[in-house]
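Here is the structure we will look at, set down as structure tokens.
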Amino acid sequence: MTNYLKKLKDPSTLRIFFSSPFGGMEEEREELTRRYFPHINHICNSRGVQFVAIDMRWGITSESSATAQVINICLKELDRSDMFIGFFGQRYGWHGADDTSLQKNFDNAAGSYPWVSTFRDRSVTELEFLHGHLNNPGALPAFLCFRDKDYDSKICEEAKTKDDKKMVFKYSPESDHAAELMDDLKRRCMDTESLGAELIFNAIHKHLTKHLMISSVHVVQEDRSTLARSLHGAFLANKVKLYEGGDQYITQLTKNIDAEPPVSYLITGPAGCGKSALICNWLHSLTQNPTYRHCCVVHHFVGCSRDSASIQSILKRVTEELELKCEELKQNDVSSGHVESQKKENIDIRELMRKLCVVLERLISLGKQPVVVIDGLGNVKKTTKAEKPVYWLPTFLKQAVLVVSTRLSDEDNIAELKERSFRVIDLPPLAPEIQRQICVKTLRMAGKELSATQVDKIVQARQTENALFMKIVLNELVSFGYFRLLDQKIDSLVSCQSVQDLFGNMLQRLEEDYNVPEHEGNLVEQVMCSLYLSRQGLAEREVTGIYGITRPVWLSLYYAIENYIIDQAGHLYIGLNDLRTAIYNRYLQKPETKSYYLKKIIGYFEQNRKSLGHFSGKAKKSYTASRVAYELPYLLKSLGDLEGLATALLDLQLVLTLLDADGNLYLVDLWKTTGLQWTEVARRYINALNQTVVNIYLEMEEDDTLENDSAGVRILDTVLILQEIFEQVGDFHAAVMIMEHHIKICEENLSTGKLKDIKVMMYVKYSLACLYVDHSQFTAGEKLHMDVYKFRKRIVEEAGDSVGEEDRRALGKSYHGLHVLYLHLQDDEKALEYVEKSMELEAEADNVDKSDLAASYTNMATIKMNLKLLDEALEYALKALKLEEDISFGHLPPKIGNLFTNIGLIYRRKGELDTAEKYYFRSLQIKRQAFGHHHIDIPISLMNLGTLEGIRGNREKSLKYFQEGLDVYKALNAMPNNVQYLMIQENFLLTKWQLGKQEETLEDFFPFCMLPQFQCLVCNLVHSFIVIS
């Protein structure tokens, strides 16, 4: 390597000129192109620079050859290049003083490069060596490589014995004269060892990372913010160069920036239609236009860097970038926000939104127009199923221009943004002429050029109407190094009938390029199958750890596929459905293959699970724990290992971590897969809790903390979570089993006489009392409630003015529980008494708990409704709704669905049936979004809709809703002894009777007659049948 260039000729582009003869060095060029160019491209992209490999074997079209412009083009491309890489075998290249065609090329080049006339007997490749290095050594960084002659002679002799004329040709000089010219060239070049493509790559890599790239871009810090800024800038720079047409859209986006108020835009369209390219070119034109110097522009491209897809990362980065704009204006009073946001990693989303609004208002006060651009909205990572569409994008930024883009399938976000009056720019598929221009420009950016005939072959293929198909074809051509086989390669690509087939072609090519002898097995298959089978991607260290992939082998493949995978906070995920289909079709159709890879990944995560140690009451927050919880149960379910899945789900550390990430519904779904009855699941959890108690005592004994804590206290949260799960699936007995077992554990601790242990036991009894009441076990529920209430009341009274907030809240919960009990017993007077006591306590509290206050408002609304004070009931219900929406900011949990049900019921009783229906439907939508269609909370919403249709006189529609609700209970294999089930069964039978289907009704009715828990229902129905008859 000679000299070190300190600056790129074009700050946004790195051009490396690769010089070798047309024949004899095909393998080296192919290996560079496929194995090493993706790595170089990754380095450049991470620093905002486009990598262009100038390989004139690709850059000379038949048209250029026909007009004798070969030498001219080669030397002009060298003038634009930043590095020169020359490599020779034994073939000297195109030469000959008597070659008429070649001499015409010399004639045409002599005007611009007079020195070439001195070398008319030399090859075109030597002219490149002369211009790139020998004429002015040191002017350009150069690396010259000559393949060892003895090696070539050995290959040549072996080929002769096999009569392999092609190999003999590649490893032999054209003639003795050509050999002499080659020796002369070698003598004029500095000596160097010859290690082929790897040596060339290492030389380039060293120069880029230690010299050229560091000084050519402003990457001084390697903190997260700087790196993210660099990657987003690189994405923008690359997309700017690829844009064609669409000037009308740029004009449309620009003209309304200074409108009052500014106009925001939503850009949609099919994949590959140019949404990102349009945005990047608009941003480029905006920043280059002095008319808009008052605009402070910030862009965020979802998916272009690690962790760029989370809501927190988007808000943090946009805010930090806007704060930097303020700092540039020397406004130091807001710069501290930048420091704070760097230090605090987990800021609440509401706080991030507040910070964003503050800095936007600051910029506006300074006379600036904020412009915030978010590209790829559909790839933003949702945290829960109950998340509202783009709730994190403030609706009150009236003075900021917002431009967002998303795919057409992102229906929820599109609907929300339209509701916010975003103007929509819907991009059509690319027109044929635009396709042609993009094809030419894409290849030219990569230092490649096709003939007009070859371009026509690509653009005119029916399949390339699909923009993704076109993109893959071009990427595959850029990765292809055999110029002489180019037509065959194009034919093989455009002959693919679909994107899936094309990806299959790509997978085969990746295997040829990256399945190396130093790694055991099919590397490409291992990586692709593992990413495909994982729940939501694997980290690099997980993939390499499972298969023992070395770093160099991994990086070569990773850089080749990174454009087709999504990096979600360090986890690599295959998001393209067409690629997933191709992987399945190529590798996973045989069950034994799928099973093999699942077992490999499961083995890795199972080992990690065991490394976490035993559970001792509290979930350990760690990356390993979260990864095990997220992937292992999913993989076991995919394998069909039901016993293994059940074993994993009994790991309480895993369960708590899983619930923290996914909520109860996913765990319920996993347990359903095992086929176990819920009472059996409860029994197994009781055994797991017993083992946990042993672990806790052993740990406390070792730490000498037996006097400070107890097992009952430690496992309380876990027990309550398990109770909630069993309640959600409607298994009353399983939930009771868990609670009663915990009470026994607490009673064993009472010998210590510690008040904390007694309080924990009372908390469990309170939860069990609520469970009894919800399932119509009123006598047992009232007894437990009163026991707990008396204890808590005594604690508060004895404490007097010094009562603690925790004890005050506990008494408030007892008031709430008693209120619900007496509502069920239809004793409105007592119900009102206890809800008023609850609200009195909240009024006395220093810090009112919003959740408790919302519950009190909900309870008061129910009582007012029962007393037919409907306007007052609605007022309390809306207060409760406002509090719950504030608590669950940005999300719509089932609790809000329940409030919508209550509000709908109030409107129904007010006679406003249409309004009631809207609330009922919204409630059903929220619950189904959170739980799916089969959940214990769904039938009550269906019953309300059925009741409403009955009032309207639509009995057939009413019956349909009731039947749908009963079907949910049947699908859950749970018909709980609760009021809701009794009510929906009663309504179903009465409606059927009213429709004149008496025989069917009696057939459904008689099975309930002998069940004691349904005697109330039987009496009511018999009376109703008599009245109707």
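Quick note: the sequence shown uses the UniProt record's numbering, first residue 1, plus one each step. Beta carbons are placed, not taken as given, at the ideal position from N, Cα and C, and that holds for glycine.
In terms of CA proximity to Ala629, Ala648 leads the group Ser616, Gly617, Ala648, Glu643.
The DSSP-derived three-state label of Phe889 is coil. In summary, Phe18 is buried, with 16 or more beta-carbon neighbours lying within 10 Å of its beta-carbon over all protein chains present. Residue burial is scored here from C-beta neighbours: Ala843 has fewer than 16 other C-beta atoms within 10 angstroms and is therefore classed as exposed. By the C-beta density criterion, Ile155 is buried, having at least 16 other C-beta atoms within 10 angstroms. With 16 or more other Cβ atoms inside 10 Å of its own Cβ, Leu144 counts as buried. Taking the Cβ atoms as the reference, Phe732 lies roughly 5 Å from His775, within the contact range of under 8 Å.
Of the candidates Thr118, Leu579, Ile458, the residue whose Cα lies closest to the Cα of Gly504 is Leu579. Minimum Cα-Cα distance from Ile938 among the listed residues Gly950, Tyr969, Glu949 corresponds to Tyr969. In this structure, the CA atom of Lys594 is about 32 Å from the CA atom of Lys620. A direct Cα-to-Cα measurement between Ile566 and Glu320 gives close to 24 Å. Assigned with DSSP and collapsed to three states, Gly269 falls in strand. The residues Leu533, Ser534, Arg535, Leu598, Ile601, Ile602, Phe605, in chain order, have a CB closer than 8 Å to that of Leu635 in the same chain once the five nearest residues on each side in sequence are set aside. Between Ile903 and Leu874 the beta-carbon gap is near 7 Å, inside 8 Å, which marks them as a contact. Per DSSP, Ala110 is one residue of the alpha helix (DSSP H) stretching across 100-110. Distances from the alpha-carbon of Ser556 to those of Ile16, His39, Ser117, Gln994 put His39 closest. Taking a cut-off of 8 Å for Cβ pairs, the region 883-899 and the region 377-394 touch, as three or more such pairs fall below it. Taking all protein chains in view, the Cβ of Thr657 is crowded by 16 or more other Cβ atoms within 10 Å, so the residue is classified as buried.
Per the C-alpha coordinates, the member of Arg15, Ser285, Pro290, Ala711 positioned closest to Leu253 is Ser285. Of the candidates Trp671, Gly781, Lys813, Trp671 places its Cα closest to the Cα of Tyr685. Around Ser479, the same chain offers Thr33, Arg34 as residues with beta carbons nearer than 7 Å, after the five sequence neighbours per side are excluded.
Of all alpha-carbon atoms in Asn135, Leu612, Leu236, the one lying nearest the alpha-carbon of Val373 is that of Leu236. A Cβ-Cβ separation of about 25 Å leaves Gln500 out of contact with Ala431 under the 8 Å criterion. Taking a C-beta distance under 8 Å as the contact criterion, Gly781 and Val788 do not qualify as a contact pair. Cβ contact annotation for Ile472 (same chain, cutoff 6 Å, sequence separation greater than five): Leu502, in chain order. Fewer than three beta-carbon pairs drawn from the region 545-555 and the region 67-79 are found closer than 8 Å, and the two stretches are therefore not classed as touching.
DSSP, read as helix, strand or coil, puts Tyr573 in strand. Excluding residues up to 5 positions away in sequence, Glu449, Leu450, Leu474, Leu477, Val478 lie with their Cβ nearer than 8 Å to the Cβ of Leu443 in the same chain. In its chain, beyond the 5 residues on either side, Phe201 have a beta carbon closer than 6 Å to the beta carbon of Tyr36. Judged by beta-carbon spacing, Leu127 lies within the 8 Å limit of Val116, meaning their Cβ atoms are closer than that value. By the neighbour-count criterion, in which a residue is buried when 16 or more other Cβ atoms sit within 10 angstroms of its Cβ, Leu493 is buried. Pairwise C-beta distances place the region 807-825 in contact with the region 852-861, as three or more of them are shorter than 8 Å.
For Asn608, same chain residues with a beta-carbon under 6 Å away, outside a window of 5 residues either side, are Thr624, Val628 in chain order. In the structure shown, Thr406 falls within a strand segment according to DSSP collapsed to helix, strand and coil.
Here Glu30 carries a helix assignment [DSSP, helix/strand/coil]. Residue pairing of Val298 in beta bridges, as defined by DSSP: Val372.
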